[in-house]
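*Asks:*
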Amino acid sequence: MILADKITQLRKKAGMSQEELADRIGVSRQAVSKWEGSLAVPDINKIIALSEVFGVSTDFLLKDSAEMPPDAPGEAADAESTGREDSPLHPVSLETANLFLQNNEQNALFIAIGVMLCIISSVVLILTESLAGIIFLLLCIGIGVMIFVSRGLKSEEFKFLEKEPLDTAYGVEGMVRERQKNYSGTYIREMTVGIGLCVISCLPLLILSGIMGEAWETVGVALLLAFVGVGVFLIVKTSIIRSGYQVLLEEGNYTRKAKQTSRQIGGIYWSAVTAAYLLISFLTGRWDMTWIIWPVAGVVYGIL
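Going by numbering that gives the first Met the number 0, the sequence shown opens with residue 0, and the numbers climb by one from there.
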């Protein structure tokens with residue numbers, strides 16, 4: 000067994016991601032990836048560091064004739080250090096990874112639309128204060144909730160990717176990292192514009208009420224919600240797409256340690272925000288004030 004295969008198997012038996020192993024031996028994740036792909040060979044100091052992390056001898060790592068022991072010390076050591084027993088790794092094929100990313104991109108678009116509908120749902124009610132406004136509000140909320148539920152059900156088969164340690168097949172990580180790299184510019188652009196729209200959303204209200212008078216205040220609030228709706232749409236969409244790459248790479252909020260206390264944000268977060276918005280608005284009747292919930296929720300979601 001060659002060194003690259005030994006590093007890969009020992010790392011996975013120890014329940015570590017490439018990023019975690021890189022941190023422990025003081026190199027970049029890219030260096031570990033090259034070692035495991037036989038694109039580079041660690042120097043002698045790194046060989047010694049690897050032997051200490053995995054609890055094996057340097058001879059075992061360097062000699063191709065040495066076979067992997069049935070129960071490598073690194074596995075027990077990691078289980079003890081993390082305070083848990085090692086969980087079985089779930090295999091992820093290239094086909095599964097592609098299907099997940101395709102489903103995740105669809106989720107991003109539809110969930111973002113659902114959130115935007117919830118945000119702009121009160122626009123007609125604010126402008127007209129009529130039955131038509133209430134009907135429009137209920138329709139938007141209803142459609143949004145249906146989107147959240149349907150996308151959640153369609154994603155059920157991929158839930159294990161967010162909760163369990165993964166054993167990705169050859170080629171999966173390279174494919175995901177390439178797509179992540181290509182998307183990074185779009186993520187930065189859409190996140191920046193989305194947060195910017197939430198921040199400046201109050202300008203129409205200030206300008207119209209200040210220049211045109213209080214009669215235009217409701218129009219300003221409606222425009223404010225439109226700004227926030229578009230901004231949050233961009234934030235939610237780009238955040239979900241980015242999180243899909245992190246799921247497969249077990250990075251960010253989806254490292255193996257984070258999965259022990261994993262939390263689902265997406266639909267649950269926006270459903271809770273919508274419920275709070277409607278409850279507070281109906282109880283107080285201050286639709287002209289409760290809009291502040293949306294820009295705050297949008298910025299918080301972007302941070303999360």
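All C-beta atoms, glycine included, are put in the ideal place defined by N, C-alpha and C.
Does DSSP put Thr-273 in a helix, a strand or coil?
*Replies:* In this structure, Thr-273 counts as helix in the three-state DSSP scheme.
*Asks:* Who pairs with Asp-166 in a beta bridge, going by DSSP?
*Replies:* Its beta-bridge partners are Pro-90.
*Asks:* How about Ile-133 and Gly-228: do their beta carbons lie closer than 7 Å?
*Replies:* Against a cut-off of 7 Å, the Cβ pair of Gly-228 and Ile-133 comes out as no contact.
*Asks:* Nearest CA to the CA of Ile-110: which residue from Gly-143, Glu-94, Leu-98 and Arg-28?
*Replies:* Gly-143
*Asks:* My output table needs one value for Ala-13: the three-state DSSP class, helix, strand or coil.
*Replies:* coil
*Asks:* Can you tell me whether Ile-1 is helix, strand or coil according to DSSP?
*Replies:* coil
*Asks:* Can you give the Cα-Cα distance for Lys-11 and Met-145, rounded to whole angstroms?
*Replies:* 39 Å
*Asks:* Following the continuous alpha helix (DSSP H) through Asn-252, name the residue where it begins and the one where it ends.
*Replies:* From DSSP, Asn-252 is part of no alpha helix (DSSP H); its letter is neither H nor E.
*Asks:* Roughly how many angstroms separate the alpha carbons of Ser-50 and Leu-165, rounded to a whole number?
*Replies:* 23 Å
*Asks:* Please classify Gly-243: is it buried, with 16 or more other beta-carbons within 10 angstroms of its beta-carbon, or exposed?
*Replies:* Its Cβ being crowded by 16 or more others within 10 Å, Gly-243 is buried.
*Asks:* Answer with yes or no whether the minimum CB distance from Lys-45 to chain C is below 7 Å.
*Replies:* Any reference to chain C falls outside this structure, which holds one protein chain only.
*Asks:* In chain order, what residues of the same chain have a beta carbon less than 7 Å from the beta carbon of Ser-56, not counting five sequence neighbours either side?
*Replies:* Ser-50
*Asks:* Would you kindly work out how many angstroms separate the C-alpha atoms of Thr-289 and Arg-241, rounded to a whole number?
*Replies:* 30 Å
*Asks:* Take Glu-189 and list the residues in its own chain whose beta-carbon comes closer than 8 Å to its own, dropping the five residues that flank it on each side.
*Replies:* Leu-233, Ile-234, Lys-236 and Thr-237
*Asks:* Based on Cα-Cα distance, which residue from Gly-151, Ser-208, Gly-251 and Asn-252 lies nearest to Ile-267?
*Replies:* Gly-151
*Asks:* Let me make sure I understand the geometry here. Which of Leu-124, Leu-88 and Leu-93 has the alpha-carbon closest to that of Val-175?
*Replies:* Leu-93
*Asks:* Could you work out which residue in Ile-140, Ala-3 and Leu-88 is closest to Val-272 when comparing CA atoms only?
*Replies:* Ile-140
*Asks:* Closest by CA to Lys-256, which one among Leu-2, Trp-215, Thr-7 and Glu-19?
*Replies:* Of the candidates Leu-2, Trp-215, Thr-7 and Glu-19, the one whose C-alpha sits nearest the C-alpha of Lys-256 is Glu-19.
*Asks:* Within this structure, are the beta carbons of Ala-21 and Val-31 separated by less than 7 Å?
*Replies:* Contact flag set, yes.
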